[in-house]
Amino acid sequence: MTTAVKRIFNFSAGPAVLPLPVLEEVQRDLLALPGVGMSILEISHRSKPFDAIHARCIDDLRALLRIPTNYRILFLQGGASLQFSMIPMNFMKPAGKADYIVTGVWSKKAVKEAKRVGTVQIAATTEADRFSRIPVQSELVLDPGADYVHFTSNNTIYGTEWAVEPQVGNVPLICDASSDIMSRPLDISKYAAIYAGAQKNIGPSGVTLVILREDLLDRCDPALATMLNYKTHADASSLYNTPSVFGIYMIGLVAKYLRENGGIEAMQQLNERKARLLYDAIDQSTFYRGTAQKDSRSLMNVTFRLPDEALEKRFVTEATAAGFDGLKGHRDVGGLRASIYNAFPIEGVEALLTFMRDFEHRA
Ligand SMILES: *Cc1c(COP(=O)(O)O)cnc(C)c1O
């Protein structure tokens, strides 16, 4: 199927690019789901067609990420940001304490919410290095008595990513994987919970994927507000109230697309190729300069600077005019950020490299 519209290269950090074949399928089926005669936007979340979509989405996610059977797969609302509150409300014991590893703005926001609930112990922070790196294992000050350890696997704003998860012994490990979930294989059994707002790598905004080890549900205090209790959502299979029907449908389409295209291993290889092209170009240049330390670099968000801010401004303007959208860096880091999630095509990276070489010559 060919699209009549011209699509530009979308480097947005999120909501972000989605696979074109998925968008085409959505477009084709938007007026009527095959065999249903109504659109996904119009059907009940308690209908048979939606049940099938929901179940298939869970099956595909379970297969793709090799999620063990003792983990629940939930689709919640309120974004990753609501998880910053729900995690401590549910999993910090009364007068509890938890370890937080702080690697950027999102980790800090998670800390802020956890402090309202109990004692937050900062196991490590790289703020003194302006979050340009991930801490090494020996820097972590971990409390074996903590209720859990929380970390952010990919720091969307700073372009840093954990190469391997922190070793935390028997303490439950909880991860905000909003900007790199499904970009590389994970050993889910190392985690007690993983959550991700869908809009970076796996779907539209409005739905948050939560993968939760079942035994954690025993910790959820029945006195919590119903909607803030994971047990409510686990017991009702994410259908206590009306979920993001469209969001779940979209995650399902993305998961099906990934399964048909080599799964997460294939994504990882492609993501490594795309990132390597950009980092090699940055490293070989004296004009462009990466902001993340080399051993902490993200495969998803490539952050870099130019010799001065005026050039960076000009770069963004000219790149936008040339059909590269979303390259302006986050205000905390400045400079440029190329977000190259799963669905971002390698042709777009190659086109950006050509643009970067050309811009350097003109500058
Ligand atoms: C974008 C992002 C968030 C915030 O997600 P919302 O769904 O907007 O609440 C949290 N953590 C990380 C790592 C992110 O990239």
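Heads up: the sequence shown begins at -3 in the numbering used here, then just goes up one per residue.
Virtual Cβ for every residue (Gly too), placed ideally from N, Cα, C.
Host beta strand (DSSP E) of residue i (start-end)
i    : result
V206 : T204 to R209
R327 : Per DSSP, R327 belongs to no beta strand (DSSP E) and is neither H nor E.
F300 : N297 to R301
K93  : K93 to V98
V145 : V145 to T148
R333 : L332 to S335
A119 : T115 to T121
A189 : A189 to G193
I69  : Y67 to L72
C216 : It is not in any beta strand (DSSP E) - C216 carries neither H nor E in the DSSP assignment.
L29  : That residue, L29, is in no beta strand (DSSP E); it is neither H nor E in DSSP.
L235 : Where L235 is concerned, there is no enclosing beta strand (DSSP E), given that its DSSP letter is neither H nor E.
Test item: CB-CB of residue i and residue j under 9 Å
i    : j    : result
L138 : G114 : no
I176 : E157 : Rather than Ile, the amino acid found at residue 176 in this sequence is Asp. Going by C-beta atoms, D176 is nearer than 9 Å to E157.
V241 : Q79  : no
S179 : N267 : yes
K252 : R52  : yes
T287 : G202 : no
H146 : D95  : yes
V101 : D354 : no
P239 : K227 : no
R215 : K89  : yes
L349 : A315 : no
Same chain, Cβ closer than 6 Å to residue i, neighbours up to 5 away in sequence not counted
i    : result
I4   : G319 and D321
E109 : F80 and S81
S234 : L70 and F71
P15  : Y253 and A339
Residue i, buried or exposed, once every other Cβ within 10 Å from all chains shown has been counted against 16
i    : result
P84  : buried
S185 : exposed
K324 : buried
K270 : buried
V132 : exposed
N257 : exposed
V298 : buried
H50  : buried
E38  : exposed
S103 : buried
R358 : exposed
R42  : exposed
I278 : buried
V107 : buried
Endpoints, alpha helix (DSSP H) assigned at residue i
i    : result
A230 : Y226 to D231
I54  : K44 to L61
G322 : No alpha helix (DSSP H) holds G322; DSSP gives it neither H nor E.
F351 : I342 to R358
D276 : G259 to D279
F311 : E305 to A317
Y253 : V241 to E256
A76  : G75 to F87
R24  : L16 to D25
V107 : V101 to K111
Cβ distance (whole Å) where residue i is taken to contact residue j below 8 Å
i    : j    : result
Y236 : A76  : Incorrect: roughly 20 Å between the Cβ atoms, too far for contact.
L273 : Y67  : No, L273 and Y67 are not in contact; Cβ-Cβ is about 35 Å, not under 8 Å.
L60  : R255 : 6 Å
M352 : Y275 : The pair is not a contact, with the Cβ atoms about 12 Å apart (cut-off 8 Å).
N86  : N225 : 7 Å
R129 : Q289 : 4 Å
P168 : L213 : So it is not a contact: roughly 12 Å between Cβ atoms.
P45  : L29  : 6 Å
I170 : A188 : 6 Å
T99  : T65  : Not really, about 31 Å apart at Cβ, beyond 8 Å.
Proximal residues to residue i (C-beta, below 8 Å), its chain only, five neighbours per side dropped
i    : result
T204 : F71, L72, Q73, G74, G75, A76, L78, Q79, Y191, A192, G193 and A194
A9   : T152, I153, S175, K196, N297, G322, H326, R333 and S335
E356 : S281, F283 and Y284
K93  : G114, T115, V116, Q117, D139, G141, A142 and D143
G330 : R301, E305 and E308
V312 : L323, K324 and L332
I54  : I69
Same chain, Cβ closer than 7 Å to residue i, five either side skipped, listed in chain order
i    : result
G344 : F5
V13  : N6, Y337, A339 and F340
G199 : G243, M246, I247 and V250
Q163 : Q133
P181 : I260, E261 and Q264
L27  : S35
A232 : none
L136 : I97, A119, A120 and P162
I63  : L57, I69, I184 and I207
H229 : L70, L72 and Y236
Residue i at chain D interface by Cβ criterion, 9 Å
i    : result
Q280 : The structure shown has no chain D; it contains just one protein chain.
Proximity test, residue i beta-carbon vs ligand 3 heavy atom, cut-off 8 Å
i   : result
G75 : This structure lacks ligand 3; its bound ligands are ligand 1.
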